[in-house]
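Per my numbering, the sequence shown starts with residue 50, numbered consecutively. A virtual CB, placed ideally from N, CA and C, is assigned to each residue, including glycine.
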Amino acid sequence: MVTGANGQLGMELQELSPRYPEFDFVFTTREQLRLDDLNAIDQFISSQKPQYCINCAAYTAVDKAESEKELAYRINAEAPGVMAAACKKNNTQFIHVSTDYVFNGNGTSPYREEDETDPVNFYGASKLEGEHMVMRNNPNSIIIRTAWVYSEFGKNFVKTMLRLMADKDQISVVNDQYGTPTYAADLAEAIMKIISSFDNPTRHLPTGQAGSPLATHGGIYHFSNEGQISWYDFAVAIKELITISCKVNPISTPEYPTPAKRPAFSVLDKTKIRDTFSIPIKDWNTSLAVCLGKIKNAPK
Ligand SMILES: NC(=O)c1ccc[n+]([C@@H]2O[C@H](COP(=O)([O-])OP(=O)(O)OC[C@H]3O[C@@H](n4cnc5c(N)ncnc54)[C@H](OP(=O)(O)O)[C@@H]3O)[C@@H](O)[C@H]2O)c1
């Protein structure tokens with residue numbers, strides 16, 4: 050079962066699903082399962098009793114969350130907590146997605162899973178509370194924190210840049226916030242690799258880890274692509290890959306004020322997910338080229 054079917058990650062999982070014929074996928078959109086209707090969540094999971102539940106739905110409007118706190122909290126904190134409990138009751142492995150925005154961004158080396166959390170905006174705080182509720186209600190849950198997600202689907206930085214670069218002679222992008230982009234297709238693949246390793250423990254887990262991964266691998270994992278760049282670097286890479294003449298100017302965060310504060314540094318350390326599930330992690334620029342190729346070749 051996959052929630053948020055029409056979001057970036059949900060769409061990439063839909064794209065990937067034919068490669069996993071051993072699973073019957075049930076994709077839910079907002080119309081089929083509203084996460085702000087907490088009663089509906091338990092009912093839906095109890096009626097489906099899926100083997101795995103991947104929660105790709107979230108309140109992701111970071112700036113709007115500052116003024117829609119109640120709704121953001123219900124979707125990002127309470128709903129995952131209810132899902133986790135429903136999964137435990139129905140013997141379903143819960144896989145939840147969280148964010149680099151649980152950290153304050155004052156760090157200078159990649160964040161590890163156990164590093165202190167301290168969100169600087171309400172979106173981050175609501176996602177952190179979601180993590181706590183999930184783990185409290187169902188400690189076997191897997192939480193994957195990711196960052197700077199983009200895809201050929203939905204709204205994201207890459208698509209915004211493509212639009213702006215096509216319309217304007219020059220644009221300005223912040224060059225003092227550092228992180229690593231995540232191609233949603235790579236994250237979808239990582240999730241399916243984790244599920245496959247559960248389904249057949251001897252197939253993907255490193256030697257000696259066969260057995261009951263469900264019981265041993267619950268916890269938080271970090272996943273993004275590899276590398277460390279600023280949003281400005283990301284924009285320049287997009288411009289160079291699509292060879293467009295638009296000039297990209299670097300600016301500082303104070304020159305681009307937003308309702309929600311952003312962490313200055315949110316690079317994630319991926320050692321744990323790579324070592325536990327043998328997941329290869331691609332460089333951000335390799336995956337960016339793949340995504341831009343797909344956008345270019347998509348039917349207009
Ligand atoms: N995007 C990023 O840069 C980023 C960074 C770090 C972590 N994450 C996390 O990664 C996960 C996937 O993000 P994404 O980028 O794929 O998000 P997305 O593209 O914004 O998709 C979110 C999905 O959630 C659905 N949704 C929102 N409110 C809902 C509700 N009340 N009931 C049911 N469905 C609802 C949306 O439905 P509609 O399609 O109907 O709107 C949408 O399909 C999320 O947990 C997010 O917090 C994202």
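Asked	Found
For Lys321, the nearest candidate out of Tyr160, Ala107, Gln142 and Ser147 (CA to CA)	Tyr160
Sub-9 Å separation of Leu84 and Thr109 beta-carbons	no
Own chain, CB closer than 7 Å to Lys137, minus 5 neighbours either side, in chain order	Asn186 and Asn187
Residue burial classification, Gln142 (beta-carbon count within 10 angstroms, cutoff 16)	buried
Cβ shell of Pro348 (< 6 Å), same chain only, five flanking positions each side left out	none
Gly130: CB within 8 Å of a non-hydrogen atom of ligand 1	no
Alpha-carbon spacing of Phe202 relative to Gly56, whole angstroms	7 Å
Every unbroken alpha helix (DSSP H) within the stretch 67–142, with a cutoff of 4 residues, ordered by chain	87–97, 118–122 and 128–138
Cβ-Cβ separation, Ala126 to Glu162 (assumed contact under 8 Å), whole Å	With a Cβ gap of about 19 Å, Glu162 and Ala126 do not count as contacting.
Ser261 - DSSP class collapsed to helix/strand/coil	Note that Ser261 has pLDDT 44, beneath the 50 cutoff, so the model's placement of it is unreliable and no number is given.
In chain order, each beta strand (DSSP E) run of at least 3 residues that lies wholly inside the stretch 135–212	142–148 and 191–195
Cβ of Leu211 within 9 Å of any chain D Cβ	Among the chains of the structure shown, chain D does not appear; only one protein chain is present.
C-beta contact flag for Val222 and Ile344 at 9 Å	no
Trp197 to Asp235 span [Cα, whole Å]	13 Å
Segment limits, beta strand (DSSP E) that includes Ser246	From DSSP, Ser246 is part of no beta strand (DSSP E) but of the alpha helix (DSSP H) over Ala233 to Asp248.
Rounded separation between Gly156 and Asn205 - CA only	25 Å
Cutoff 7 Å; reference Asp91; Cβ partners in own chain excluding five residues on either side	Val131 and Ala135
Distance between Ser301 and Gln226 (C-alpha atoms, nearest Å)	9 Å
His253 (DSSP reduced to helix, strand or coil)	Caution is warranted here: a pLDDT of 45 is assigned to His253, below 50, making its placement in the model unreliable, and no coordinate value can be reported.
Status (buried if at least 16 other CB within 10 Å, exposed otherwise) for Pro67	exposed
Cβ pair Thr229, Ile278 closer than 9 Å	yes
Nearest candidate by alpha-carbon position, reference Ile244, set Tyr101, Asn189, Ser96 and His271	Tyr101
Span separating the alpha-carbon of Pro262 from that of Ser96	At Pro262 the pLDDT is 48, less than 50, meaning the model places this residue with poor confidence; the figure from the coordinates comes in the next sentence. Rounded to whole angstroms, Pro262 to Ser96 spans 25 Å at the Cα level.
For Ile300, the residue or residues it bridges with in DSSP	Val223
Bridge-paired residues (DSSP) for Val316	Its beta-bridge partners do not exist; DSSP assigns none.
Heavy atom of ligand 1 within 8 Å of Gly53 beta-carbon	yes
Helix, strand or coil at Tyr281 [DSSP, three-state]	helix
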